[in-house]
Each structure stands twice: as structure tokens, then as C-alpha cells.
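Each protein sequence line maps, in turn, to chains A and B. Just so we're aligned: 243 in my numbering is position 243 of the first sequence, and the numbers increase by one with no gaps anywhere. Adding 1000 to a residue's 1-based position in the second sequence gives its number in my numbering. Backbone N, C-alpha and C fix where the C-beta goes; we use that ideal spot for every residue, glycine too. Values in this document were obtained by computation on a predicted structure and should not be read as measured data. Step one of this worksheet: look at the structure below.
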Amino acid sequence: MVEIDAKGIHYRVLNDRIRELVDRGEDHIVLRNVNGQRYIGDGITREVKIDIYGVAGGDLGAFMNGPRITVYGNAQDGAGNTMNGGKIVVHGMAGDVCGYGMRGGKLYILRDCGYRVGIHMKGYKHLIPTIVIGGTAGEFLCEYMAGGRVIVLGMFGRTPGVLTGDYLATGMHGGSIFLRGRVDRHFMGKEVGEVPLTEEDRRFLRETIKDFAREFELNAEEILDAEFTKLIPVTHRPYGSLYTMDSPIIRS
Amino acid sequence: MSWWSRSISGCGLVGIIHRKKKLIEGEKVICAICNMEERGNGLGAGFAAYGIYPDYRDFYAFHIMYDNETAIGRAEEILMNTMQVEHSEQIPTRRVLSLGATPIFRRYFVKPLAQGRPHDMVDLNDDDYVVKVVMAINAEVDGAYVVSSGKDMGVFKGVGQPDEIADFFRIDEYKAHIWSAHTRFPTNTPGWWGGAHPFALLDWSIVHNGEISSYGINKRYLEMFGYKCTLLTDTEVVAYLCDLLIRRHGLSLDVAASVLAPPFWKDIDRMEEEKREFYTRLRMIYGSAALNGPFAIVLAYERGIMGLNDRIKLRPLVAGYKGDIHVLASENAAIHEVIPDPDEVWMPKAGEPTIVELEDGGN
């Protein structure tokens, strides 16, 4: 285990240092006094444990494939941007556009998250990216989502009971969203619909929530003891005919 | 300039207030804005400070930027003819080699003349009178720009990284109960000294991240009320809109925020009748004052600060507090620079103002 005091260190210097350690084979790196340094863990392609104490800066874990990052504090915008594999666990809140274009791995956020989280998420065969949000998600959650799974609990943030904001899943055309409770239809994109949970869904929820609860030392049973709603796209290509002769835009 | 500071990014902003009006050292706001160095590119930075001129608190403090000596003469002539000038001086600066040639900065503590006012300004109240003088200097004097004109406050800004501008204006030597700061990454408009943020008129000052696409509409609307946009940057209209809506039209900050970032029609349609009627009227009356385009702004004024986002949050804004100190910033980390162990941090909702005022209205 190697510790780095990140206080006042520029992100380039800090990330060069982390990279050196990773290349040398270090498997546990602890970063103290992080305050806004960007790009931590980006593009690292092997398993390594990175613990961050403080506020993790933008694009935490972008493009990474393998590391396990734990943030003891908040994460800023873009955590898990286009990540491929590994796990990011945030013991606080996270900013806007987290999990943007995420292709694999897990992103757990204990409290609230900002706008446009899970936007453009995708999945492919065995690669199923998963985001769990313990608090309330901001507007445009899962906009243009193409794959993967997102769970919103609405339990551990500033506004318990509130799951998401407006424009939920607008333009979604793949993947699934699980809500612990219900969201008014008015706040959803017209491309999604509610469907009953399958046995496989329940199994997935149970496993994932248990893992989430283990990370944050919460009671999984309590979290699971509620009606979950599942949202999936009702059309495979919501904008498929946008610019064709059938399109209402063209016809008008 | 450091070798890594050229990455592409957006502007960064900070607003700080001590609700019990205790003074906060300039060092705090410098650390906060410098934490977000990556958000700017060295083409603009600035600070607004409130509570810095207690000895002249009843006078309007004019900070004026000059390109040359001729401009000083002409602007001072306007001031002498319209104002009682209690005191004037050079704004203290340090030499910062990396900044190159810098404009001249002077400040004047003034009051509208009690007698002998220009004939078309006799009946104006003090604030309107001051606005008129500011517009006259900005529009009529080549090379003179009124950077700020409020009581017991001042704006310090220029082209450079925030640490350079702070060093130049000796921000570390000031203490204020309200601060705002900005680091700029200009996109559509020139990076010049007058185009740096904050933009200010009377005690309203604005720092802004984003683009005001409605600039043309807003500018023409403001011209009908006598405001002249001369500073070549979209943000200027926000400062004047705040003066118009809040001071002259008497709207509350909440309502003014709903003019700048009006609720969508689809949301108005779902309101109860009374509210629906109100917001419908507001949108109809103030359609030309709505800001279009992505923005996060922090408005600072005599009594407080207000943070506001565009309605779909295309620019970031985070809020936090520790006891009586409240901070708004583009990034969470900047808040921690001011209050390392905040009681609470959150992300305000799009289009909903976060308003923090001095306790007891600052009295």
C-alpha cells in the first residue's frame, strides 16, 4: 500500500505518480487530501485499489477497465465517463453526467447525483454497466440510454422519497431502469414504458442491492422491502423515422 | 502561465457570503477560484468585494479602467460636472510581469450633486442618476470603462489567470463579507480587460459561465430603458437586467430569477390557476428579458448572493455552507477551499435560484 498526500498537487503530477505506481505493480494506492484533481484512475487497465479521501475531481475513472476506486467524499462531474470495467464507489454525492457512455463496470453513488447521469450508457453481450444511486437523481437521467442498468433508490440523499427529476429516460432505446417506487409519467420521456419485473430482474436487484449495501454498510433487506418499478424503452429506434417521409416533422 | 493551463474547459465562478457580515480574507476567494484553474484559459479573471470601503460607505465607489491619459481627463470632466467627488485615488496594484502592459485603474468616491445638476437629470433619484453617469462615461469616452459603481463595494478584473489578477490588484489585502470571483474561458467574445467578469452596475455584480444566446434581444430591450451595452460581452446584459428588474421594477429576487430563467410552458400548464396566471403574465411581460442559452451565474449585491442556472442545467453550480459562511461555485472542490469541512453541500436545481442574504438584511 502506498499513500500520497495530494494537497495542492496538480492533477497531472498526481496522475503521473499514480500511473508510475500502477506500472510498478502497486495494487493499493491511498490518496489523501484530494480536492478537485481531475482524471484520477483514467484509462488504467488493470485491477488496482485506489482509495480517495476528499473531493474527487471531474472525469474520475474515465475509460478505466479494472480498477476499484472508493471515494470517501464527493465526486465531481463525469465520474465513470465511458468506463469499461471496474468499480467506482462514492460515499457521498456525485455531479452531472456521471456514467456518460458507460460500457461496463459498476458505479455506486450513496447520495444524490446531478443532471444527465447515465446518459448514452450502452451494453454489449456480457458487458452490462450498472449504476446505483442511493439518493435522488437529477433531470435527464438515462437520456438516450442504449444499454446497461440503472437503479435509483431515493433513500439516502437530501430529498428522501424523491427518485428523479424531469425528462427521465428521454430518448432511451435500450437497457433498463429500476426505481424504488414510482415516478409520475409526466416526468418521463415518451419513449419508455413501465413493465412488470421478471424473476431474473428480481435476482439482479437482490444481488446488486446486497452488494451496494455491503459497500456502504446498509441494510439490504430494508432497501429491498419496497415495490420497484421497471422502465424499458417501448421502441427500439425512437428517432428512426425522424428524417424520413413518415416523420411528423417532414410532413408538416 | 504554467505549462498545463491550456486545456479546453469552461469558465469557473465562486460566490461567498458571511451571513453575519464578518469579514472574509481575500486569500479564501483566491484559493477557491484558483482551485478551478482548469476552467479558465488566462483570458480573464476578476473579483467583486463587498464591505471594503467602510470609510466611504455613503459614497458610490466608481472603479474606472482607462486606456490612456486622455480618457482620464474626459471621464473626470464628466464626474466633476455631475458628482461631488469626496476622494479619488489610484487603485493600488502590484507589478505582475506576466501580465505585460496593463490599463490604468482609478477609484472615486462620489455623490450626485445636490445642486447644479445637468438639467435633464434634476429629478432623478440617486441610483438612476448614477446609472446615467456610468452609461455616459462608457458610451461617450473612448478608452474609459466604469468597472463598478456601487456603495462600499468594488470590482477588480482583467486579462490573466485569477492568481495573476489577484496579485495585480492585491486582493489578498482586502477583506469583505461578500466575495465573488471568476476565471474566464472566452468563447464568442474578445478576451479584453473590460470583458472580464464580474460585470457590475451600482451594487449588482455578475459572474457567469456560459453563453447568453439571447444577447441581441436582451440588449435591445435594455436600450429602451436607457442602458447602453458597450463592453462587447454577453454577460453585461445580466447585470443591467438585474438592475432593471429588481431595483427599478421592484421584483423580488425569486421573481426576477423566474424572468431570467422562466419556467417552461409545459410546466406552467400544470400549475394551479393562480400560479399559472402569474407565470403566464410574467413570461408575456418579460419575454425579452429571458436569458436563452446555457448559463450558471452568481449575482452579488449589497445584501446577499444568488446563484442561478439555465432551466436545463447546461452549466454546473454547487452550493454549500458551514455555519454562517455560504459558498456557491462551479465545482465542489472550490467550496472546500473556503470551508474545508462543510455542514452541507448540494447541487441546486436548474432554474431555481439559491439565495443567501445577510441576517437581518445586513443591519
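Integer-rounded CB distance, given that residue j should sit under 8 Å from residue i
i          : j          : result
SER1148(B) : SER1088(B) : That pair is no contact at about 15 Å.
ILE223(A)  : LEU163(A)  : Their Cβ separation, rounded to whole angstroms, is 13 Å, which puts ILE223(A) and LEU163(A) out of contact at 8 Å.
ASN74(A)   : VAL1345(B) : 7 Å
CYS1165(B) : GLY1046(B) : The amino acid occupying residue 1165(B) in the given sequence is Ile; Cys does not appear at that position. Sure, about 6 Å apart at Cβ, within 8 Å.
GLY135(A)  : MET155(A)  : 7 Å
ASP1167(B) : TYR1050(B) : Between TYR1050(B) and ASP1167(B) the Cβ distance is about 21 Å, and since that is not below 8 Å, they are no contact.
PHE1059(B) : GLU1086(B) : 5 Å
VAL1238(B) : ILE1325(B) : That pair is no contact at about 25 Å.
Whole-angstrom distance between residue j and residue i, CA atom to CA atom
i          : j          : result
GLU1337(B) : ILE1104(B) : 32 Å
MET172(A)  : GLY193(A)  : 10 Å
VAL1255(B) : PRO1263(B) : 11 Å
ASP1234(B) : LYS87(A)   : 42 Å
GLY1216(B) : CYS98(A)   : 34 Å
LYS1175(B) : VAL1155(B) : 13 Å
ILE1091(B) : ALA1200(B) : 17 Å
ILE1008(B) : GLU1038(B) : With a pLDDT of 43 at ILE1008(B), under the threshold of 50, the predicted position of this residue should be treated as unreliable, though the coordinate-derived value follows. Answer to the nearest angstrom: the Cα atoms are 8 Å apart.
ASP1142(B) : LYS1219(B) : 20 Å
CYS1031(B) : SER241(A)  : 52 Å
GLU47(A)   : ILE29(A)   : 12 Å
LYS1313(B) : GLU1236(B) : 21 Å
LEU1282(B) : HIS1249(B) : 12 Å
SER1005(B) : ILE1212(B) : Caution is warranted here: a pLDDT of 38 is assigned to SER1005(B), below 50, making its placement in the model unreliable, and the coordinate value is therefore given only provisionally. Whole-angstrom Cα-Cα distance: 25 Å.
ASN1068(B) : ALA1075(B) : 11 Å
ARG202(A)  : MET1271(B) : 37 Å
ALA205(A)  : LEU1202(B) : First, the amino acid is wrong: residue 205(A) is Leu here, not Ala. If you take the alpha carbons of LEU205(A) and LEU1202(B), they lie about 57 Å apart.
GLY101(A)  : GLY175(A)  : 12 Å
ILE1078(B) : ASP1310(B) : 38 Å
ARG116(A)  : ARG1276(B) : 28 Å
VAL234(A)  : GLU20(A)   : 47 Å
ILE1355(B) : TYR124(A)  : 45 Å
TYR11(A)   : GLY36(A)   : 8 Å
PRO1118(B) : PHE1109(B) : 20 Å
GLY1304(B) : VAL1207(B) : 14 Å
ASN15(A)   : GLY41(A)   : 7 Å
Identified DSSP bridge partners for residue i
i          : result
HIS1208(B) : ILE1297(B)
ILE1325(B) : HIS1018(B) and LYS1322(B)
CYS113(A)  : ALA94(A) and ALA137(A)
MET1306(B) : LEU1299(B) and ILE1355(B)
GLY1012(B) : THR1183(B)
VAL1141(B) : DSSP lists no partner for VAL1141(B).
LEU1251(B) : BP columns for LEU1251(B) are empty, so no partner.
GLN1090(B) : ARG1106(B)
LYS1349(B) : None; LYS1349(B) has no bridge partner.
VAL1085(B) : VAL1110(B)
THR130(A)  : LYS106(A) and ARG149(A)
GLU3(A)    : VAL30(A)
Boundaries (first-last residue) of the alpha helix (DSSP H) holding residue i
i          : result
THR1070(B) : 1069–1082
ASN15(A)   : 11–23
TYR1050(B) : No alpha helix (DSSP H) contains TYR1050(B), which is instead part of the beta strand (DSSP E) from 1045–1050.
TRP1265(B) : 1265–1268
GLU222(A)  : 220–224
LYS1151(B) : Where LYS1151(B) is concerned, there is no enclosing alpha helix (DSSP H), given that its DSSP letter is neither H nor E.
LYS1219(B) : 1215–1223
ASP201(A)  : 199–216
GLU1236(B) : 1236–1242
ILE119(A)  : That residue, ILE119(A), is in no alpha helix (DSSP H); it is neither H nor E in DSSP.
Residue interval of the beta strand (DSSP E) (run including residue i)
i          : result
TRP1346(B) : 1344–1346
GLY253(A)  : As displayed, chain A neither begins before 1 nor continues past 252, which places residue 253(A) out of reach and without an answer.
ALA231(A)  : What sits at residue 231(A) in the sequence shown is Leu, not Ala. Where LEU231(A) is concerned, the enclosing beta strand (DSSP E) stretches over 228–233.
TYR1060(B) : 1060–1066
PRO67(A)   : 65–72
GLU1164(B) : Careful: GLU1164(B) lies outside any beta strand (DSSP E), inside the alpha helix (DSSP H) at 1162–1169.
ASN35(A)   : 28–35
GLU1273(B) : Element bounds for GLU1273(B): not the beta strand (DSSP E) but the alpha helix (DSSP H), 1273–1285.
TYR53(A)   : 49–55
Interface partners of residue i on chain D, CB under 9 Å
i         : result
ARG158(A) : Although the question refers to chain D, the structure presented lacks it and instead comprises the protein chains A and B.
(Q) Using a Cβ-Cβ cutoff of 9 Å, what residues of the stretch 1320–1345 of chain B are near chain A? List them in chain order. (A) GLU1331, ASN1332, ALA1333, ALA1334, ILE1335, HIS1336, GLU1337, PRO1340, GLU1344 and VAL1345
(Q) Taking beta-carbon pairs under 7 Å, can you tell me which members of the stretch 1153–1176 of chain B lie near chain A? (A) For the stretch 1153–1176 of chain B, which is checked against every Cβ of chain A, not one residue is closer than 7 Å.
Q: Please list the residues of the stretch 46–58 of chain A that have a C-beta atom closer than 8 Å to any C-beta atom in chain B, keeping them in chain order.
A: GLY54, VAL55, GLY57 and GLY58
Q: Residues of the stretch 31–43 of chain A with a CB closer than 7 Å to any CB of chain B: list them in chain order, please.
A: Within the stretch 31–43 of chain A, contact with chain B at the beta-carbon level (separation under 7 Å) is assigned to ASN35, GLY36 and ARG38.
**Q.** Selection of the stretch 60–77 of chain A by Cβ proximity to chain B, strictly under 8 Å
**A.** ASN74, GLN76 and ASP77
Q) Going along the chain, which residues of the stretch 1302–1318 of chain B sit with their C-beta nearer than 8 Å to a C-beta in chain A? A) ILE1312, LYS1313, PRO1316 and VAL1318
**Q.** Residues in the stretch 1017–1044 of chain B having any Cβ partner in chain A nearer than 8 Å
**A.** ASN1035, MET1036 and GLU1038
Q) What are the residues of the stretch 82–103 of chain A that lie near chain B, defined by any Cβ-Cβ distance shorter than 9 Å? A) GLY92, MET93, GLY95 and ASP96
Q: Closer than 9 Å, Cβ to Cβ, to anything on chain B: give me those residues from the stretch 126–140 of chain A, in chain order.
A: GLY138, GLU139 and PHE140
Q: Return the residues of the stretch 112–125 of chain A that lie within a Cβ-Cβ distance of less than 9 Å from chain B, sorted by chain order.
A: ASP112, CYS113, GLY114, TYR115 and ARG116
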